[in-house]
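Trainee:
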Amino acid sequence: MVDVNVDFMLKQNQLKEVWFELTKKMFKNFLYYEVLDLVLKASEEKDIKKYKKLNKFIKSQARLLIDKKYTISKIAKEYNIKIKGDKMVCPFHDDKDPSLSFDDSKNVFNCFGCHAKGDIIEFKRRLIESGVKKRS
Ligand SMILES: [Zn+2]
Numbered sequence: 158m159v160d161v162n163v164d165f166m167l168k169q170n171q172l173k174e175v176w177f178e179l180t181k182k183m184f185k186n187f188l189y190y191e192v193l194d195l196v197l198k199a200s201e202e203k204d205i206k207k208y209k210k211l212n213k214f215i216k217s218q219a220r221l222l223i224d225k226k227y228t229i230s231k232i233a234k235e236y237n238i239k240i241k242g243d244k245m246v247c248p249f250h251d252d253k254d255p256s257l258s259f260d261d262s263k264n265v266f267n268c269f270g271c272h273a274k275g276d277i278i279e280f281k282r283r284l285i286e287s288g289v290k291k292r293s
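Under the working numbering, the residue at position 58 of the sequence shown is numbered 215, and the numbers go up by one with no gaps.
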């Protein structure tokens, strides 16, 4: 279990450095989606959830790093999801014509069929949750 109290004793700037170093190491040793999974799992931990501010900070930092390297369409391609212009076939409902619109510059999506919407982290989380298979 992570000892969050230690982190809390650090000043905000020190915390930023610690997180930056940690993330750099993680991105070197893990694939981005494993890091993303780690962040998501960590944010579900009871002990970390107590510290909402820290949780929010970690998520925003992870988001910055993810946005630099990945887009929603890039993830969609990994899952073999059909893309047509700025729309794709929605993987979250039984979709025939592409009805999920996305914006890679903002990394957000919105489905007009099933009303699924959110950012790139939500997109990935939903893919994992609904058990969509990755391209092999
Ligand atoms: Zn949908």
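All C-beta atoms, glycine included, are put in the ideal place defined by N, C-alpha and C.
#1: Go through its chain and collect everything with a Cβ distance to Phe-280's Cβ below 7 Å, but skip five positions before and after it.
#2: When you measure from the CB of Ser-230 to every non-hydrogen atom of ligand 1, does any distance come out below 8 Å?
#3: Name the two residues that bound the continuous beta strand (DSSP E) containing Phe-249.
#4: Can you tell me the Cα-Cα spacing of Lys-274 and Ser-258, whole angstroms?
#5: For Arg-220 and Ser-262, I'd like the C-alpha separation in whole angstroms.
#6: Tell me which same chain residues have a C-beta within less than 7 Å of the C-beta of Met-166, skipping the five on either side of it?
#7: Would you say Asp-243 touches ligand 1, meaning its beta carbon is less than 8 Å from a heavy atom?
#8: With DSSP as the reference, label Ile-238 as helix, strand or coil.
#9: Relative to the alpha-carbon of Phe-269, which residue among Lys-225, Lys-253, Ile-278 has its alpha-carbon at the smallest distance?
#10: State the Cα-Cα distance for the pair Ile-223 and Glu-235, rounded to the nearest angstrom.
#11: Can the beta-carbon of Arg-292 be found closer than 9 Å to that of Pro-248?
#12: Going by the CB atoms, is the gap between Asn-264 and Leu-276 shorter than 9 Å?
#13: In whole angstroms, give me the CA-to-CA distance for Lys-290 and Val-246.
Mentor: On the basis of the data shown:
#1: Ile-229, Ile-232, Phe-266
#2: no
#3: From DSSP, Phe-249 is part of no beta strand (DSSP E); its letter is neither H nor E.
#4: 9 Å
#5: 13 Å
#6: Annotation note: pLDDT 44 at Met-166 (below 50); position unreliable, coordinate value reported separately. The answer is none, since no qualifying residue turns up.
#7: no
#8: For Ile-238, the three-state secondary structure derived from DSSP is coil.
#9: Lys-253
#10: 15 Å
#11: no
#12: Checking the sequence, you will find Asp at residue 276 rather than Leu. It is a contact, given that the beta carbons lie within the stated cut-off.
#13: Computed Cα separation, rounded: 15 Å.
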